[in-house]
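Notes follow the structure.
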Amino acid sequence: MSKHEQGRLPEPDYRRLFESAPVLYVVLDREFRVVAVSDAYLRATMTTRDEMVGRSIFAVFPANPGDPEGVVRNRLERVLETGESRILPLQRYDVPRPAAAGGGMEKRYWNAVFTPLTDGTGAIQHISCVVEDVTDRAHDPRLGKLLPVVDAIGLLFFDREGALISANDTFLRWSGYSREDLAAGAITWRTLTPPEYRAASEAERERLRSTGRIGPYEREYFAKDGARRWALFVGARLTDGSVAVYVVDVSARKAAEQAQRESEERYRSLFESIDSGFCVLEMIYDADGRPIDYRFLEVNPAFERQTGLRDATRKTMREHVPEHEQHWFDIYARVAESGEPVRFVQEAKPLMGGWYEVFAFRVGGPGSKRVGVLFNDISERVRAERALREAARRKDEFVATLAHELRNPLAPIRNAVTLLQMREDVDGEIRSIGEMIGRQVNHLARLIDDLMDVSRITFGKVQLRRSRLDLRDVAREAVTTCEPLVTASAHRLELELGAEPLWLDADRVRLAQVIANLLSNAVRYTPSGGRIVLRAARDGDEAEVSVEDDGIGIEPAMLERIFEPFVQLEQRQNGGATGIGIGLALARALAELHGGRLSAQSAGPGKGSRFAVRVPLAGAPQAADTPVTVGSGKPRRRWLLVDDNVDATKSQAAVLRR
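Residue numbering for the sequence shown follows our numbering, beginning at 93 and increasing consecutively.
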């Protein structure tokens, strides 16, 4: 053997190279019998070389369900007729799964290129079939270069009939389907589509047939568990007849849009149904930045009922009511500029003289010129309140007049009783009758005085005559006034006034009246033999005088109401002096005139009550001037009586002569 022959490589085993190639190869003769097949093809089709070699390809793979019109045979015959290569479009052909793998059929999709193989004379002897398994083309590594955002986009491949061939992991994650579900072949365009979207989907498929494209369009699709997800679909037909579809999940956006629609529907429902008028307006300014008008952007149905304005939207207030007052524009401009809401009551005279309760707030952030206005026509309420105030004024005037007129006949009666009691020649029965008349007249006089005082306070005619005084002395004077009433009711009155002076700057008569009213109230509402305690003490910068009893007590709900004029508790001491329910109201008003306050406390019915007056303390008085010595003689005096009541004048003159 020559050195040249020794250095040559052995001849390659071309059959072995062919069979071990990673490409799916099949070589057919002119009768379409298998001559050679690659190992890769055998693995892909789950067949063996013995099952295939020497047999017709149509005998090995009979009744191809994906080739009802004999497309494969047609392409092979065209290769023999023309001597040119032919491309086989996408075909479905399911292959039997081995028993070890669970048996049954496994769905597969294929592409192929058929190429003629000739001899030295140019005659076609064989056909080379290069086959590609495209069942899971969504995992084709080449697509990774085209889909850098593959985790955000679903990728689907459908065959010409609408069956789902393949899907990427993103779509499988969204939908809940698995690759086993895809291999089962039950997922189609129709099974993914809810019934209400079928018509739109069919329209897109028709568009695909005519233009080769789908979408973009949005619709829901069914996940494996039956749930619905929103997605944007866009796709196109590939050269092999399959359809590639990109899917973008828009569920979050659709959920947000749905939530917004529901919110708007709730707002609109509320907006349309509330009885209050509501509008959104936009401020209008002149060249100097002064608010001169506003435009109605939105109004609810109640707006028209509340204002009487028709077709208000898009019109300005000046267009509706040219003479509308400027203060309305100023108020709303401040709200728009400051962002601070306001609540107010205002009259709109041009709008039929109506009164409105208004709440205004800015719509939008800083710089917005829009203002929301919620309002109610309260004209009837205002008129009713005015009528009540007028009725109350007339009532107060009537009470004041009545009290004044009642005092006129009381004066001569009281003088007559006094004269009767001065006579020494009257018998005991007459004297007893006179004393009874005197007691009743005095009681009636106190009631009239209270009515007069309430009227004076109501009309602001009470003037305090202040002086420096000791609260303890005033308390003792009040006790003296009420002592007959306390004695008659057999109450035990205890005084706890302390040893330290409690200096006040107060009206002695009026402050004594306050304490006396509290004592009288305690007597009325404490059963006979009850205990009443009058206390006076310092508390910081204030002095407190309180009246505490063990009487019938007060319901919690009545603790404030009892200070209203003419309000009385239903129960009171039997036989006690009656009243008309103004003593406590008068006492509180007089306490407040002194810069103080009056409050009531009670643990409830049957547990007594406590009334306390607190007034500011004052400094001790200056040293008193040297008293003036008064002569001991009894000079005669002349008196001039002037009164428009003749009986009062004559009776008073008779008392003075006595």
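Here a beta-carbon is modelled for each residue, glycine too, at the ideal position from N, C-alpha and C.
Nearest residue (CA-CA) to Ile470, options Thr399, Pro458 and Ala492: Within the sequence shown, the letter at position 378 stands for residue 470. Among Thr399, Pro458 and Ala492, the Cα nearest to that of Ile470 belongs to Thr399.
Cβ pair Ala692, Leu709 closer than 9 Å: Walking along the sequence shown from the start, residue 692 turns up at place 600. Walking along the sequence shown from the start, residue 709 turns up at place 617. No.
Beta-carbon proximity of Val391 to Val437, cut-off 9 Å: Here residue 391 refers to the residue found at position 299 when the sequence shown is read from its first residue. Here residue 437 refers to the residue found at position 345 when the sequence shown is read from its first residue. For Val391 and Val437, no; Cβs fall outside 9 Å.
Spatially closest choice to His583 from Pro188, Ala483 and Tyr617, by CA coordinates: In the sequence shown, counting from the first residue as 1, residue 583 sits at position 491. Looking at the Cα atoms, Tyr617 is the closest of the given residues.
Phe658 classed as buried or exposed, judged by whether at least 16 other C-beta atoms fall within 10 angstroms: Here residue 658 corresponds to residue number 566 of the sequence shown, with the count starting at 1. Phe658 should be labelled exposed.
Met375, enclosing beta strand (DSSP E) - first and last residue: Locating residue 375 in the sequence shown gives position 283, where the first residue counts as 1. Segment Gly369 to Tyr377, the beta strand (DSSP E) holding Met375.
Val738 in three-state terms, based on DSSP: Position 646 of the sequence shown, counted from the start, is the residue given in the question as residue 738. If DSSP states are grouped into helix, strand and coil, Val738 belongs with the helices.
Asp599 and Arg557 closer than 9 Å at C-beta: The residue given as residue 599 occupies position 507 in the sequence shown. The residue given as residue 557 occupies position 465 in the sequence shown. For Asp599 and Arg557, yes; Cβs fall inside 9 Å.
Trp595 - DSSP class collapsed to helix/strand/coil: By 1-based counting over the sequence shown, the position of residue 595 is 503. The answer is strand: DSSP assigns Trp595 an E or B state.
Validate contact between the segment 524 to 544 and the segment 484 to 500 using beta carbons, cut 8 Å, 3 pairs: yes
Proximity to Gln513 [Cα-Cα], best of Glu521, Asn500 and Glu527: As a first step, residue 513 is located in the sequence shown; it is residue number 421 there, counting from the start. Ranking Glu521, Asn500 and Glu527 by Cα distance to Gln513 puts Glu527 first.
Gly225 versus Arg200: straight-line alpha-carbon distance, rounded: Within the sequence shown, the letter at position 133 stands for residue 225. Within the sequence shown, the letter at position 108 stands for residue 200. First, the residue type needs correcting, since residue 225 is Asp and not Gly in the sequence shown. So the alpha carbons of these two residues sit roughly 7 Å apart.
Proximity of Lys421 and Tyr386 at Cβ, strictly below 9 Å: Taking the sequence shown and counting its residues from 1, the one referred to as residue 421 is at position 329. Taking the sequence shown and counting its residues from 1, the one referred to as residue 386 is at position 294. According to the sequence provided, residue 421 is Phe. The question's Lys does not apply to it. Against a cut-off of 9 Å, the Cβ pair of Tyr386 and Phe421 comes out as a contact.
Inter-residue CB distance, Arg321 and Tyr313 (contact presumed, cutoff 8 Å): Taking the sequence shown and counting its residues from 1, one reaches residue 321 at position 229. Taking the sequence shown and counting its residues from 1, one reaches residue 313 at position 221. Confirmed, about 6 Å.
Cβ neighbours of Ser130 in the same chain (closer than 7 Å, five flanking residues each side left out): Indexing the sequence shown from 1 puts residue 130 at position 38. Excluding residues within five positions, the ones whose Cβ falls inside 7 Å are Phe110, Glu111, Ala113, Val115, Leu116 and Tyr117.
Buried or exposed (CB count within 10 angstroms, at least 16 for buried), Val566: As a working mapping, residue 566 is identified with position 474 in the sequence shown. When all chains shown are included, Val566 counts as buried.
Contact under 9 Å by Cβ, Glu634 with Gly590: Residue 634 sits at position 542 when you count from the first residue of the sequence shown. Residue 590 sits at position 498 when you count from the first residue of the sequence shown. No.
Outcome for Thr718 when other beta-carbon atoms lying within 10 angstroms are tallied against a minimum of 16: Counted from its first residue, the sequence shown places residue 718 at position 626. Low per-residue confidence applies at Thr718: pLDDT is 46, beneath 50, and the placement is therefore not dependable, though the value from the model is reported in the following sentence. When all chains shown are included, Thr718 counts as exposed.
Status (buried if at least 16 other CB within 10 Å, exposed otherwise) for Ala336: The residue labelled residue 336 in the question sits at position 244 within the sequence shown. Burial call: buried.
Residue interval of the beta strand (DSSP E) (run including Trp447): Locating residue 447 in the sequence shown gives position 355, where the first residue counts as 1. Unbroken beta strand (DSSP E) run through Trp447: Gly446 to Val455.
Cβ-Cβ separation, Ser365 to Leu466 (assumed contact under 8 Å), whole Å: In the sequence shown, counting from the first residue as 1, residue 466 sits at position 374. In the sequence shown, counting from the first residue as 1, residue 365 sits at position 273. Leu466 to Ser365, Cβ: 14 Å. No contact.
For Arg560, three-class secondary structure by DSSP: Counting from 1 along the sequence shown, the entry for residue 560 is found at position 468. Strand, per DSSP.
Classification of Asp631 by the beta-carbon crowding that lies within 10 angstroms, buried from 16 upward: Stepping through the sequence shown from its first residue, residue 631 is reached at position 539. With fewer than 16 other Cβ atoms within 10 Å, it is exposed.
Cβ distance (whole Å) where Leu180 is taken to contact Phe206 below 8 Å: The residue labelled residue 180 in the question sits at position 88 within the sequence shown. The residue labelled residue 206 in the question sits at position 114 within the sequence shown. About 7 Å separates the two Cβ atoms, so the contact holds.
Residue of Ala136, Thr140 and Leu182 minimising C-alpha distance to Glu198: Working through the sequence shown from its first residue, we reach residue 198 at position 106. Comparing Cα-Cα distances from Glu198 to each of Ala136, Thr140 and Leu182, the minimum goes to Ala136.
Of the listed residues Gly457, Arg410, Val413 and Met409, nearest to Glu432 (C-alpha basis): Taking the first residue of the sequence shown as position 1, residue 432 is located at position 340. Among Gly457, Arg410, Val413 and Met409, the Cα nearest to that of Glu432 belongs to Gly457.
DSSP state of Tyr359 mapped onto helix, strand, coil: To locate residue 359, count along the sequence shown from 1; it is residue 267. Here Tyr359 sits in helix by DSSP.
Expected contact under 8 Å - CB spacing of Trp281 and Ser267 to nearest Å: Mapped onto the sequence shown, residue 281 falls at position 189. Mapped onto the sequence shown, residue 267 falls at position 175. So it is not a contact: roughly 13 Å between Cβ atoms.
Nearest-angstrom Cβ-Cβ length linking Val339 and Ile257, presumed shorter than 8 Å: The count along the sequence shown starts at 1 and reaches residue 339 at position 247. The count along the sequence shown starts at 1 and reaches residue 257 at position 165. Rounded, the Cβ-Cβ distance is 14 Å, inconsistent with contact.
Rounded Cβ spacing between Lys461 and Glu374 (contact assumed at less than 8 Å): Working through the sequence shown from its first residue, we reach residue 461 at position 369. Working through the sequence shown from its first residue, we reach residue 374 at position 282. Between Glu374 and Lys461 the Cβ distance is about 5 Å, and since that is below 8 Å, they are a contact.
Chain D contact for Pro593 (CB, 9 Å cutoff): Protein chains in the displayed structure number just one, and chain D is not present.
Contact belief for Ile216 with Leu168 at Cβ below 8 Å, rounded distance in angstroms: Here residue 216 refers to the residue found at position 124 of the sequence shown. Here residue 168 refers to the residue found at position 76 of the sequence shown. At roughly 11 Å, the Cβ-Cβ gap does not stay under 8 Å, so Ile216 and Leu168 are not in contact.
Buried versus exposed, by CB contacts within 10 Å (16 or more), Tyr359: Your numbering for residue 359 matches position 267 in the sequence shown. So Tyr359 ends up on the exposed side.
Limits of the alpha helix (DSSP H) - the one that Ala503 falls within: By one-based count along the sequence shown, residue 503 stands at place 411. Here the alpha helix (DSSP H) through Ala503 covers Ser471 to Met514.
Whole runs of the beta strand (DSSP E) within the segment 513 to 578, excluding any shorter than 3 residues: 558 to 562
Three-state class that DSSP yields for Ser270 in the structure shown: Taking the first residue of the sequence shown as 1, we reach residue 270 at position 178. Of the three classes helix, strand and coil, the one that applies to Ser270 here is coil, per DSSP.
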